[in-house]
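Peer 1: Going by my numbering, the sequence shown wraps up at 158, each residue one higher than the last.
Note that the Cβ used here is the ideal one computed from N, Cα and C, for glycine as well.
Keep in mind the model is a prediction, meaning the values are calculated, not measured.
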Amino acid sequence: MHGCARFTPLLEGYLDGELSAEQIDAVEEHLWSCPRCQKELEELCTLRKILREAMEEGLVNEQLQVAWDRITEGLTPPTLKERIWWPVRNLLPPFRPLRTLAWGLALLAILLFIIPLVTTAPSPPVEVESIESEHPVMIFQGEEGMTVIWLFEAEE
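1) Can you find the residues in the same chain that come closer than 6 Å, C-beta to C-beta, to Thr149, ignoring five residues on each side of it along the sequence?
2) Have a look at Ser35 and Arg50 and give me their C-alpha separation to the nearest angstrom.
3) Judging by CA-CA distance, which residue of Arg72, Val120, Pro124 and Leu33 is the nearest neighbour of Cys6?
4) Would Thr10 pass as a contact of Cys39 if the rule is Cβ separation under 8 Å?
5) Over the uninterrupted alpha helix (DSSP H) stretch that includes His32, give me the two end residues.
6) Would you identify the three-state DSSP class for Phe97, choosing helix, strand or coil?
7) With DSSP as the reference, label Pro11 as helix, strand or coil.
8) Applying the 10 Å Cβ sphere with the 16-neighbour rule, what's the burial state of Leu110?
9) Figure out for me which residue from Leu107, Asp27 and Leu13 has the closest Cα to the Cα of Lys41.
10) On the CB-based measure, 16 or more other CB atoms within 10 Å of its CB, does Val29 come out buried or exposed?
11) Please check the pair Ser125 and Glu145, which I expect to be a contact at CB under 8 Å, by giving their CB distance rounded to whole angstroms.
12) Can you tell me whether Leu114 is buried or exposed, with buried defined as 16 or more other CB within 10 angstroms of its CB?
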């Protein structure tokens, strides 16, 4: 099994008879001891047989075009989204909807509990009275029942 990377690219040339005598001997020796490469060679032979039979049946050009389009779909360059987003997405933790929903509901409950504690209730309106007198007087009653009275001196 070791050295498969060296021999796998040579398998097609081996089938086509394009290898030198030394390369053929090396490939055959490797195939003798490597079931993985034997299987790869069998798959290549099967693929060639299927293609040969298809050509012999005389596929019309439209069918060849459809087959070619399917092949080229796999060869198209990756889109911008695939080149940029997918590597970033692999760095992010997997999205788990139930876990996200649970965290969202917990955060909402905390906010609904804390917001009323933090906000202050509006204070009741403050009453201010003014009394007409010989001298200007102003009376102020605070929130806690405190009363402040101002006496102003008359200007002369």
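Peer 2: In short:
1) Gln143
2) 24 Å
3) Leu33
4) yes
5) Ala23 to Ser35
6) coil
7) coil
8) exposed
9) Leu13
10) Buried is the call here.
11) 6 Å
12) exposed
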